[in-house]
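In our numbering, the protein residues as written are 352 to 532.
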């Protein structure tokens, strides 16, 4: 019946009192990732599914332990995935992002060669410390669309979206080499 199906879905999504758990990695895997286009979304998702969640729990897993990462996922939107799921999600949307990225570079009038040069410079800069887009733009002093280049570098798993610049609600992020995570 519909009621039984709904109860099953609620249980699988850890939304009933008897299925709430404290393991945010397990919840993340069970949900196939935490939708993260809005900065507050993953926190609310976990708050609803655990018995004693604090925002520091997610921050610790994302930015200190680096057990989770924010990547482009289904519908080409941002998700937080576990280390085990990142390659699976990435490979499942790779053909979609490659097509999008090629068009994005063309629209932004960035050649393959310019992208290659600027992406190497960005990776070199980020070996020293994580940086925000504004810092990267300033350091490069390029007329090219650095935001587009950073976005594509994230799609290619060269960079990862890190900690928010100021607070957990801030949409501006620091970026780091993917291999550091």
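Note that beta-carbon positions come from the ideal geometry of N, C-alpha and C, so glycine has one too.
For clarity, every value in this text was computed on a predicted model and none was experimentally measured.
Remark: C-beta atoms of residue 433 and residue 418 approach each other more closely than 8 Å. Collapsing the DSSP output to three states places residue 509 in coil. Burial check for residue 422: the Cβ neighbour count within 10 Å reaches 16 or more, so the residue is buried. The stretch 457-471 makes no contact with the stretch 424-431; the number of CB pairs closer than 8 Å stays below 3.
Taken through DSSP and simplified to helix, strand or coil, residue 532 comes out as coil. Going by C-alpha positions, residue 524 is about 21 Å away from residue 448. Considered as a whole, the stretch 409-472 harbours 437-458 as its complete alpha helix (DSSP H) runs of no fewer than 4 residues, in chain order. Less than 8 Å divides the Cβ of residue 528 from the Cβ of residue 474. Around the C-beta of residue 412, 16 or more other C-beta atoms lie within 10 Å, and the residue is accordingly described as buried.
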